[in-house]
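Data first, discussion second: the structure below is written as structure tokens.
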Amino acid sequence: MDSENEDRPVGGRAGLTSRRRLIGVWAALAVALLATLTGWWLYSRWSWGLLSVGVRAVHQQHYHRAMIDFRRAAAAGIGPAMGDIGVLYARGQGVPRDYAKAMAWFRKGVAAGDGGAMGDIGVLYACGQGVPRDYSKAMAWFRKGVAAGDGGAMAGIGGLYACGQGVPRDYSKAMAWFRKGVAAGDGGAMAGIGELYARSQGVPRDYAKAMAWFRKGVAAGSGRAMANVGVLYALGNGVPRSYGKAMAWYRRGVAAGSGRAMTNIGVLYARGQGVPRDYAKAMEWFRKGVAGGAGSAMDGMGDLYEKGRGVPRDYFKAMEWFRKGVAAGDGGAMAGIGELYARGQGVPRDYAKAMAWYRRGVAAGSGRAMTNIGVLYARGQGVPRDYAKAMEWFRKGVAAGMGRAMGNIGVLYALGHGVPQDYAEAIKWYRKAAGAGDGDAMKNLGLLFENGQGVPRDYSKAMEWFRKGVAAGDGGAMDGIGGLYVRGRGVPRDSAKAMEWFRKGVAAGSGGAMTNVGVLYAVGNGVPQSYVKAIKWFRKGAAAGIGRAMCNIGMLYSLGCGVPQDYAKAKKWFRKGAAAGDGRAMTNLGLLFENGQGLPQDYAKAMEWFRRGVAVGDGGAMNNLGGLYMNGLGVPQDYAKAMKWFRKGAAAGNGRAMTNIGTLYAFGNGMPRSYAKAMQWWRKGAAAGIGLAMTDLAWLYGDGLGVPRDRTMKMYWLQKAEASGDPGAAAVAKQAIAQIRQAQGSRKSGR
């Protein structure tokens, strides 16, 4: 789902409640009063009265009754009634949706001089409903409607300029045409001006002015305007966020026939905003939106099937619904198809096709598509990695009101990709995105507080932001809470609660949560250890596009855990993870080349893959680059360069890099020997869970290097290393502990 805003033309009938309709009725009656009291006059007045009765029936959603009244009025030659019959066919209200019949009735209305019908034909061409999409024909029909004084047609031309459909995007011209529509009393035009202010298109963003224009549109009976008032409340733009008020306005829009309002009610249920999360009700409302012709509802249906929310995950049905949304002109649905190709879901992964669909979405004004193009450039998927272009596209997404685009700019600053690393700037963008309702940004704020990046480490604030993300329906935030329980950060360590939160994240479609469930099974944390179940969950995460899950599958093949050891399969999965942007997968590919596992030993290629990992911020890659320089593998031995890379890895939180810095100090490689500094860095490595750092600390205490000899502390660190889960360090520690106990036993027996 792109957002609560639907990317489609503003023009055509805002609804059968438009002031143009009422003015037409009363103007005709005024003319009739000038005639003599003849039977013809009485019949004409009765016919126009039927039109008014039909309009009231539509307000009450009595579409069958409305059709009867409109048909009687049409039989009397009332052009607007013919146009309204066309609207019912176009929307499928009271009759099966039939664009061919809608077109036939609109043409009858045109022949009877109804300007609104001319605008409605323009909408069919603009949306490609029952006819091939043709913006030039849409413009031609809108101009005919304008000549007949129809405000909806004026709004339609404004919509074409606002979206850049068939004409260069020009917000000043859009504003000019919307204002003409306003002068003609069209509520849709009023809504269009409000959208320009809400999205900062051609005018400074001003939610107060947006609200004022939406309310004018509401007074003119525009369901689109009612839906937009709801959007402001849902996002907290210019007003305190209130999902209750958003729902109330969406329901008013529904009563006015707005498919967008129906869709947005579905969004609230899908996200659990102001109502309990209920995918069945979301589906119900999306189907209503579909019946109302809302392409965004079709996109919403596709999203449910893509993520398996309330229905079994089915990429083929997702594609089917996205294509229906595309046929309705919805840019979000175009972006949805692009995402399926980018992730290889139901179709072979194809970044070129993904890019093509994203660009179609951009042409339809989709901020989601703009943001996704930025993602391709940020990850170097199908295009050379280019953070400058990524930033450019994210900023376009921001201009379209996409919270995720704001969050992605924050990610670039947090990682220092294409811009200097700046956590303060990252936090600023994350907060903007969070203010726009983006749960992923809330999760990222939680991670900054958890890791103490740019802010003091504060697990309670991390939990607070994760919970906000959960309230916004973000599965990654649920995954984040699970991570706090796994690591015992700010809460007691509790594997059962961690699993509970990971499973909630899974239900919300989080591939990261699926991956973490696999990790718990792989290490036997709170559940019986099972590589079979681990790989099952990693495969689910991989299917959701999570590079870390792909990397983990590669690790199982590399180590022969739960599967026969197979370096060829390990390499295949590492390459998949690398293609998905996972730095650890890139690093592991480098290690295969460094160690000659399953392929020829090649330090140059190892260096190449480590550098790719460095480019995406992987601390392990930085550490391994340092290792090549420290050991002179494929490059001249250079302790200064080794230290530089180890320090970068340590700054990225890599415990092995911290341990290696301690090693350089302990042996005086490239610098004066300093056991005190070695102790300092090995403690950091041990705190990061590195078993080798623990055995090294045991060595210092055992030999009294830089510290007084302390056999108790030596045993303490050996026991920590044995329990660390690091097979190499555990084996060393186990042997050392056995030797100590054997020696102790010998001394006792000697007495």
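Residue numbers (this note's numbering): 3 to 753. Glycine included, every Cβ here is placed at the ideal spot set by N, Cα and C.
Residue burial classification, residue i (beta-carbon count within 10 angstroms, cutoff 16)
{"i": "P134", "result": "exposed"}
{"i": "V618", "result": "buried"}
{"i": "N453", "result": "exposed"}
{"i": "N633", "result": "exposed"}
{"i": "G41", "result": "For G41, the pLDDT reaches just 40, beneath the cut-off of 50, and the residue's location in the model is therefore unreliable, although a value from the coordinates is still provided. Result: exposed."}
{"i": "W28", "result": "Confidence at W28 is low in this model, with a pLDDT of 28, below 50, so its placement is unreliable and the value that follows should be read with caution. With fewer than 16 other Cβ atoms within 10 Å, it is exposed."}
{"i": "P82", "result": "buried"}
{"i": "S462", "result": "exposed"}
{"i": "M336", "result": "buried"}
{"i": "M249", "result": "buried"}
{"i": "S512", "result": "buried"}
{"i": "D705", "result": "exposed"}
{"i": "Q741", "result": "exposed"}
{"i": "Q131", "result": "buried"}
{"i": "M673", "result": "exposed"}
{"i": "Q746", "result": "exposed"}
{"i": "F216", "result": "buried"}
{"i": "N597", "result": "exposed"}
{"i": "F318", "result": "exposed"}
{"i": "A236", "result": "buried"}
{"i": "L561", "result": "exposed"}
Start and end residues, alpha helix (DSSP H) containing residue i
{"i": "P82", "result": "81-93"}
{"i": "H66", "result": "65-77"}
{"i": "G334", "result": "333-345"}
{"i": "D301", "result": "297-309"}
{"i": "Q721", "result": "713-724"}
{"i": "D352", "result": "Counting along the chain, D352 falls outside any alpha helix (DSSP H), and DSSP gives it neither H nor E."}
{"i": "I663", "result": "657-669"}
{"i": "D122", "result": "117-129"}
{"i": "V519", "result": "513-525"}
{"i": "N410", "result": "405-417"}
{"i": "I429", "result": "425-437"}
{"i": "R381", "result": "369-381"}
{"i": "Q167", "result": "Note, Q167: premise wrong, no alpha helix (DSSP H); not H, not E."}
{"i": "A248", "result": "245-257"}
{"i": "V292", "result": "281-293"}
Where residue i sits in the DSSP three-state scheme
{"i": "N626", "result": "helix"}
{"i": "C563", "result": "coil"}
{"i": "L707", "result": "coil"}
{"i": "K535", "result": "helix"}
{"i": "L39", "result": "Low confidence applies to L39: its pLDDT is 35, below 50, so where it sits in the model is not reliable, and the reading given next is rough at best. Three-state result, L39: coil."}
{"i": "V233", "result": "helix"}
{"i": "D584", "result": "coil"}
{"i": "D172", "result": "coil"}
{"i": "I548", "result": "coil"}
{"i": "G189", "result": "helix"}
{"i": "A104", "result": "helix"}
{"i": "N633", "result": "helix"}
{"i": "R469", "result": "helix"}
{"i": "P729", "result": "helix"}
{"i": "I742", "result": "helix"}
{"i": "G147", "result": "helix"}
{"i": "L601", "result": "coil"}
{"i": "I483", "result": "helix"}
{"i": "Q62", "result": "coil"}
{"i": "M673", "result": "coil"}
{"i": "G651", "result": "helix"}
{"i": "S202", "result": "coil"}
{"i": "R217", "result": "helix"}
Contact test: residue i Cβ vs the ligand SAM heavy atom, cutoff 8 Å
{"i": "R397", "result": "The model on display carries no ligand, and the ligand SAM is accordingly not part of it."}
Presumed contact (8 Å Cβ cut-off) between residue i and residue j, rounded CB distance
{"i": "G96", "j": "M69", "result": "5 Å"}
{"i": "K763", "j": "F468", "result": "Because the chain spans 3 through 753 in this model, residue 763 falls outside it and cannot be assessed."}
{"i": "G151", "j": "M177", "result": "Actually they are not in contact, since the Cβ atoms of G151 and M177 sit about 20 Å apart, beyond 8 Å."}
{"i": "A229", "j": "G255", "result": "4 Å"}
{"i": "T589", "j": "W575", "result": "Not really, about 14 Å apart at Cβ, beyond 8 Å."}
{"i": "G294", "j": "M321", "result": "Incorrect: roughly 22 Å between the Cβ atoms, too far for contact."}
{"i": "Y677", "j": "L702", "result": "6 Å"}
{"i": "A659", "j": "A668", "result": "With a Cβ gap of about 15 Å, A659 and A668 do not count as contacting."}
{"i": "A299", "j": "G310", "result": "Wrong, their Cβ atoms sit about 19 Å apart, outside the cutoff."}
{"i": "G225", "j": "G187", "result": "Not really, about 16 Å apart at Cβ, beyond 8 Å."}
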